[in-house]
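Asks: Respectively, the protein sequence lines represent chains A and B.
Per this note's numbering, the very first residue in the first sequence carries number 1; after that it's consecutive.
Per this note's numbering, the very first residue in the second sequence carries number 86; after that it's consecutive.
Have a look at this one.
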Amino acid sequence: MSEPPKHSEEAIQHKVPPNLLHDMRTPLGHILGYSELLIEQMREQGHEEFIPYLQKICKASRELLDTITDNFDSDGTPSGFRSGS
Amino acid sequence: MQRILLVEDNEMNRDMLSRRLQRKGYEVIIALDGQQGVAMAQSRSPDLILMDMSLPVMDGWEATRALKSSPDTKEIPIIALTAHAMSTDREKAMEAGCDDYDTKPIELTRLLAKMETLIERFAKRTEKTASI
Chain A
1 MSEPPKHSEE
11 AIQHKVPPNL
21 LHDMRTPLGH
31 ILGYSELLIE
41 QMREQGHEEF
51 IPYLQKICKA
61 SRELLDTITD
71 NFDSDGTPSG
81 FRSGS
Chain B
86 MQRILLVEDN
96 EMNRDMLSRR
106 LQRKGYEVII
116 ALDGQQGVAM
126 AQSRSPDLIL
136 MDMSLPVMDG
146 WEATRALKSS
156 PDTKEIPIIA
166 LTAHAMSTDR
176 EKAMEAGCDD
186 YDTKPIELTR
196 LLAKMETLIE
206 RFAKRTEKTA
216 SI
């Protein structure tokens, strides 16, 4: 039986539980969703001065979400560790 | 006003999405688990169902299968919502009978576009059935 490629072992070592990714994405979704909701409401109510701050919250949340998406596959395997990759 | 049934067990997701949909002019009715979702789809005849898939009591896949096998509810479009961006989840949702699929966190513009397409298709189908 052939030995598994080295990157598979590395992938297992670096793998995070899929639930952890889910538990990170869910509150991020709340932060993003409520920030977008507040932007709409602030715009409607003429509170333009608050919008740039809310946009910064949205931007930071999206960056964090992208970091998770770019660095881990949905099963928790770090990107770039897939067999054949 | 179009009626959306949101089946979602997470309190914050429920609150946030229902507020955002109400602001877009939809009436939103809420179920907390799959079993409640099936019952409300039968009693309230929504124009579309947003179904979280990881639900207590009866999960979203089972609830979808139940809705799609009942003559009263089989035509109601269902969009599966899940936080797991896995292609297997998408396949599982479509196999269960969902009409479309979206991942959380919700991108509202994208979700609204999917909702509108399905609601329009559902309305046309219902009109056609009514005129026969």
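Using N, Cα and C, we set each Cβ at its ideal position, and we do this for glycine too.
(1) What residues match up with valine 113(B) in a beta bridge as DSSP calls it?
(2) I'd like the ranges of any beta strand (DSSP E) spanning at least 3 consecutive residues and lying wholly in the segment 140–203 of chain B.
(3) Specify the secondary structure class of methionine 1(A) as computed by DSSP and reduced to three states.
(4) Give me the Cα-Cα distance between valine 123(B) and leucine 91(B), rounded to the nearest whole angstrom.
(5) Can you tell me which of Ala168(B), Leu193(B) and Tyr186(B) puts its alpha carbon nearest to the alpha carbon of asparagine 19(A)?
(6) Just the C-alpha distance for lysine 153(B) and lysine 56(A), rounded to the nearest angstrom, thanks.
(7) Straight-line CA distance for serine 155(B) to methionine 24(A)?
(8) Quick check on the burial criterion: 16 or more other C-beta atoms within 10 angstroms. Buried or exposed for aspartate 137(B)?
(9) Taking 8 Å as the limit between beta carbons, can you name the residues of its chain near isoleucine 51(A), skipping five residues before and five after?
(10) Chain A partners of methionine 125(B), CB-CB under 8 Å?
Replies: Looking at the coordinates:
(1) Stepping through the second sequence from its first residue, residue 113(B) is reached at position 28. Note: valine 113(B) sits in a beta bridge opposite Ile89(B).
(2) When DSSP assignments are scanned along the segment 140–203 of chain B, the uninterrupted stretches of beta strand (DSSP E) that are 3 or more residues long and fall wholly within it turn out to be 163–167 and 185–188.
(3) As a first step, residue 1(A) must be located in the first sequence, where it is residue number 1. Only weak support is given to the placement of methionine 1(A): the predicted model assigns it a pLDDT of 45, under 50, and the question is left unresolved by the model.
(4) The residue you call residue 123(B) lines up with position 38 of the second sequence. The residue you call residue 91(B) lines up with position 6 of the second sequence. Those two C-alpha atoms are separated by around 11 Å.
(5) Against the first sequence, residue 19(A) aligns to sequence position 19. Of Ala168(B), Leu193(B) and Tyr186(B), the residue nearest in Cα terms is Ala168(B).
(6) To locate residue 153(B), count along the second sequence from 1; it is residue 68. To locate residue 56(A), count along the first sequence from 1; it is residue 56. Taking the straight line from one Cα to the other gives about 43 Å.
(7) As a position in the second sequence, residue 155(B) is number 70, starting the count at 1. As a position in the first sequence, residue 24(A) is number 24, starting the count at 1. Cα to Cα, serine 155(B) sits roughly 37 Å from methionine 24(A).
(8) Position 52 of the second sequence, counting from 1, holds the residue named residue 137(B). Counting Cβ neighbours within 10 Å, aspartate 137(B) comes out buried, since at least 16 surround it.
(9) Along the first sequence, read from residue 1 onward, the residue named residue 51(A) stands at position 51. Within the same chain, isoleucine 51(A) has close Cβ partners Ile39, Met42 and Arg43.
(10) Mapped onto the second sequence, residue 125(B) falls at position 40. Correct list: empty, because the minimum Cβ distance to chain A is about 23 Å.
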